[in-house]
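**Student:** Yeah, the sequence shown ends on 357 if you go by our numbering, and it's all consecutive. All C-beta atoms in this analysis are idealised placements derived from N, C-alpha and C, irrespective of residue type, glycine included. Here you go, one structure.
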Amino acid sequence: MPRKKQSPRSSGERALIAAIRKRTPQRTASLRLGIGDDCALLRPPAGHEIAVTTDFSLEQVHFRRDWHTPESAGHRCLARGLSDLAAMGARPMAAFLSIAVPAELTIAEPGSSWVERFLDGLLALADQHRIPLAGGDTAQSPLFDESGSKQTGMVSADIVLLGSVPRKRALLRSGARPGDILYVTGALGGAEAELLALGRNPQAFRKLTKAAPGHPHLYPEPRLAVGARLPGLKATAAIDVSDGLSTDLAHLCEESNLAAEVDAAIVPVHPLARKAEQDGWIPSALHLALHGGEDYELLFTAPPSVKVPGKIAGVPIHLIGGMKQHRKGRPWMEITSRDGSHTSLDASGWEHFR
């Protein structure tokens, strides 16, 4: 039965929290106590460890109010953390949202407020994966700078996710071994390609207020079911592709102290990236697949003796290369072109403060 909505009004923080509380379950198998007290109380499964991740969603960095619908911003906020849990092979237990917004975004006039629509997107994804929103914090974002001048208030949302993983079976970035095969789920470059389309014509996407397949930027699909299966397949290491294949592979190489070789001919390129190249928006779809961010696919390694299926939980799995000992004077990452030549693969995806 759908939850009855209550529009958060500008009557204060208590009203906003009460509206959020009405829309979230207070008890589940892993949640003893949810919103309403000083702390939530969780009950992890026996024999499991707790995985914790946190991610900011900042206006003008991770989304724009003039480009993204509130529902997309909310979905993406939660999807970022869920993808981290998937990369560890963890199952979600609870989510915690801290959000600061300008006061006008809590006013429902003439329809739902921006905050309520943000929660629509976040809670729809939470319901899909049966994750309770167990707490967090709310605040009004500042409207004045340090000199007292009026400015536009920005949205800042921080999602904290707790998951559980069987003891000593979490997938780490440091677990890869020489000779391991390198795999990736799904296809790459689609999120960056859709972002290009969004920037060219934001109005074309205004009606996308619910998650739908084929929108890897606006509504990414965290690979939780795949991640949960990887420990049983004897995967040795994993990371989610949030900052671009080249950058996230560099993290895996660094933590495992190994070099990687990627075969350009078998990197799965998303159809949206290919279309962007065909339409003349970009010179190379492969470049987007290698360096575009926010695909939220899983990059993982497994021994060559393990038979990794072509699909896991309905998601295609692609072999794209392998791991090897690093040789002095050689690049940490190389890419093999279709003509058989080897060139250095630089970490050229997203990085803050670059």
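Which one of A288, A292, M326 has the shortest CA to CA distance from A263?
**Tutor:** Ranking the options by Cα distance to A263, first place goes to M326.
**Student:** Would you call the segment 198-216 and the segment 314-330 touching, i.e. three or more CB-CB distances under 8 Å?
**Tutor:** Flag = no, the segment 198-216 and the segment 314-330 do not touch.
**Student:** Here's a check: name, in chain order, each residue in its chain whose Cβ is nearer than 7 Å to the Cβ of R232, leaving out the five neighbours to either side.
**Tutor:** Within the same chain, R232 has close Cβ partners I315, A316.
**Student:** Distance check for S344 and H132, CA to CA, integer angstroms please.
**Tutor:** Those two C-alpha atoms are separated by around 44 Å.
**Student:** Looking at R26: is its Cβ nearer than 8 Å to the Cβ of L125?
**Tutor:** It is not a contact, given that the beta carbons lie outside the stated cut-off.
**Student:** When you compare each of L19, I320, D251 to S115 by their alpha carbons, which one comes out closest?
**Tutor:** Among L19, I320, D251, the Cα nearest to that of S115 is on L19.
**Student:** Closest by CA to P216, which one among P334, L252, L261, V318?
**Tutor:** With distances taken between Cα atoms, P216 lies closest to V318.
**Student:** T141 and I102: beta carbons closer than 8 Å?
**Tutor:** Cβ distance < 8 Å, so T141 and I102 count as in contact.
**Student:** Tell me the rounded alpha-carbon separation between G1 and V158.
**Tutor:** Examination of residue 1 is not possible in this model, given that the chain is present from 4 through 357 alone.
**Student:** Have a look at L100, F59, R226 and flag the residue whose alpha-carbon is nearest the alpha-carbon of I23.
**Tutor:** When only C-alpha atoms are compared, the closest one is L100.
**Student:** Kindly indicate the opening and closing residues of the beta strand (DSSP E) around G166.
**Tutor:** Unbroken beta strand (DSSP E) run through G166: 159-169.
**Student:** Between which two residues does the alpha helix (DSSP H) holding K25 run?
**Tutor:** Counting along the chain, the alpha helix (DSSP H) containing K25 begins and ends at 16-25.
**Student:** Helix, strand or coil: which one does DSSP assign to H290?
**Tutor:** Of the three classes helix, strand and coil, the one that applies to H290 here is helix, per DSSP.
**Student:** How is A111 classed by DSSP in three states: helix, strand or coil?
**Tutor:** Coil, per DSSP.
**Student:** Looking at R180 and T239, is the spacing between their C-beta atoms short of 8 Å?
**Tutor:** Yes.
**Student:** In or out: V120 buried (at least 16 other Cβ within 10 Å) or exposed?
**Tutor:** At residue 120 the sequence reads Arg, which differs from the Val that was named. So R120 counts as buried.
**Student:** How is the alpha helix (DSSP H) around P205 delimited, first residue to last?
**Tutor:** That residue, P205, is in no alpha helix (DSSP H); it is neither H nor E in DSSP.
**Student:** Answer yes or no: do P274 and H321 have a C-beta to C-beta separation smaller than 8 Å?
**Tutor:** Not in contact: P274 and H321 (Cβ atoms no closer than 8 Å).
**Student:** Which word fits F147, buried or exposed, when buried means at least 16 other C-beta atoms lie within 10 angstroms of its C-beta?
**Tutor:** When all chains shown are included, F147 counts as exposed.
**Student:** On the criterion of 16 or more Cβ atoms from any shown chain inside 10 Å, does A253 qualify as buried, or is it exposed?
**Tutor:** With 16 or more Cβ atoms within 10 Å of its Cβ, A253 is classed as buried.
**Student:** Inspect the beta-carbon positions of A292 and G192 and report whether they are closer than 8 Å.
**Tutor:** In this structure, G192 lies closer than 8 Å to A292 by Cβ.
**Student:** So, using beta-carbon positions, are G283 and V168 closer together than 8 Å?
**Tutor:** Contact: no.
**Student:** Would the segment 301-313 count as touching the segment 205-220 if we require 3 or more Cβ pairs under 8 Å?
**Tutor:** As far as the Cβ criterion goes, the segment 301-313 does not touch the segment 205-220, which means the pair count is below three.
**Student:** Return the CA-CA distance between C80 and T339, expressed in angstroms with no decimal places.
**Tutor:** Roughly 35 Å between the two C-alpha positions.
**Student:** With DSSP run on the structure shown, which of helix, strand or coil describes A54?
**Tutor:** Three-state result, A54: strand.
**Student:** Straight-line CA distance for G235 to R67?
**Tutor:** So the alpha carbons of these two residues sit roughly 40 Å apart.
**Student:** What residue range is occupied by the uninterrupted beta strand (DSSP E) comprising H321?
**Tutor:** Start and end: 318-327.
**Student:** How long is the line joining the alpha carbons of I134 and A98, rounded to whole angstroms?
**Tutor:** Distance between the alpha carbons of I134 and A98 is about 7 Å.
**Student:** Taking the alpha carbon of V265 as the reference point, which residue from A160, A288, V187 has its own alpha carbon closest?
**Tutor:** Ranking A160, A288, V187 by Cα distance to V265 puts V187 first.
**Student:** Do D251 and S86 have their C-beta atoms within less than 8 Å of each other?
**Tutor:** Going by C-beta atoms, D251 is not nearer than 8 Å to S86.
**Student:** So if DSSP puts R94 in a beta bridge, which residue, or which two residues, is it bridged to?
**Tutor:** Answer is S167, bridged to R94.
**Student:** Can you name the start and end residues of the alpha helix (DSSP H) that T155 belongs to?
**Tutor:** Taken as a continuous stretch (DSSP letters only), T155 belongs to no alpha helix (DSSP H), as it is neither H nor E.
**Student:** Identify which residue in G39, L34, S75 has its Cα closest to the Cα of K210.
**Tutor:** For the residues G39, L34, S75, the minimum Cα distance to K210 belongs to S75.
**Student:** Which residues in the same chain have their Cβ closer than 8 Å to the Cβ of T346, if we skip the five residues on either side of it in sequence?
**Tutor:** Result list for T346: E337, I338, S340, in chain order.
**Student:** Any heavy atom of the ligand HEM closer than 7 Å to the CB of M336?
**Tutor:** The model on display carries no ligand, and the ligand HEM is accordingly not part of it.
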